[in-house]
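Report on the structure given below.
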Amino acid sequence: MPKIPSAEAKETLYRVAMDKITSMLDGESNEIARMATVSSILAGDFDYFYWTGFYRVVDGVLVVGPYQGTPGCLRITLDRGVCGAAASRKKTILVPDTHAFPGHIACDARSLSEIVVPVLDAAGNVLAVLDVDSDQLSAFDAIDQKWLETIIATVFAE
Numbered sequence: 001m002p003k004i005p006s007a008e009a010k011e012t013l014y015r016v017a018m019d020k021i022t023s024m025l026d027g028e029s030n031e032i033a034r035m036a037t038v039s040s041i042l043a044g045d046f047d048y049f050y051w052t053g054f055y056r057v058v059d060g061v062l063v064v065g066p067y068q069g070t071p072g073c074l075r076i077t078l079d080r081g082v083c084g085a086a087a088s089r090k091k092t093i094l095v096p097d098t099h100a101f102p103g104h105i106a107c108d109a110r111s112l113s114e115i116v117v118p119v120l121d122a123a124g125n126v127l128a129v130l131d132v133d134s135d136q137l138s139a140f141d142a143i144d145q146k147w148l149e150t151i152i153a154t155v156f157a158e
């Protein structure tokens with residue numbers, strides 16, 4: 001099982017990932033391509049990320065989008081799970097123990113902790129959520145939240 005890096009190591013990993021993401025996406029306007037690139041880089045650079053990807057809002061439902069990992073849930077209503085809660089509340093949700101989160105959807109039982117960051121358009125509407133799961137308890141902290149929110153704000157700035 002991959003070790004969760006120290007705070008200093010996390011900061012370094014995120015700085016490197018951010019540089020890769022912004023470099024690769026320079027001039028790319030396609031939303032799906034942007035999501036695919038973010039998912040790929042994050043999954044490749046962070047060993048403790050078990051599932052990394054996006055759920056896009058389509059007709060009022062979260063539909064699985066570009067991701068890296070085991071098969072995800074295909075559709076999630078906005079009233080279910082961590083993804084639905086983050087989308088409904090329009091704020092990041094960090095869950096140290098998925099089994100303790102009321103209404104958690106177990107797309108894969110190996111997921112033990114999770115962080116979900118909403119992707120908002122300029123008007124504040126939810127376009128998607130970035131969902132990152134770990135097969136370790138308490139894998140995510142304020143550093144992950146700060147950087148993932150920064151990546152989303154940078155990548156999806158209009």
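For what it's worth, full-length UniProt numbering labels the leading residue of the sequence shown as 1, then goes sequentially.
Ideal Cβ placement from N, Cα and C applies to all residues, glycine included.
Just so it is clear, the structure is predicted and the values come from calculations on it, not from any experiment.
- The residue from 90, 68, 93, 58 with its alpha-carbon nearest to that of residue 77 is 58.
- Rounded to the nearest whole angstrom, the CA to CA distance from residue 73 to residue 2 is 24 Å.
- The criterion of a C-beta distance shorter than 8 Å is satisfied by residue 65 and residue 55.
- For the 8 Å CB-CB criterion, residue 97 and residue 111 do not form a contact.
- Ranking 26, 119, 100, 16 by CA distance to the CA of residue 41 puts 16 first.
- Of the candidates 90, 30, 82, 82 places its Cα closest to the Cα of residue 101.
- For the UniProt domain "GAF" (53-154), the full-length alpha helix (DSSP H) segments reaching 4 residues or more read 81-89 along the chain.
- Per DSSP, residue 14 is one residue of the alpha helix (DSSP H) stretching across 7-25.
- Around the beta-carbon of residue 32, fewer than 16 other beta-carbon atoms lie within 10 Å, marking it exposed.
- Rounded to whole angstroms, the separation of the alpha carbons of residue 39 and residue 11 is 18 Å.
- Taking C-alpha positions only, residue 131 is separated from residue 90 by approximately 13 Å.
- Counting along the chain, residue 157 sits inside no alpha helix (DSSP H), nor does DSSP assign it H or E at all.
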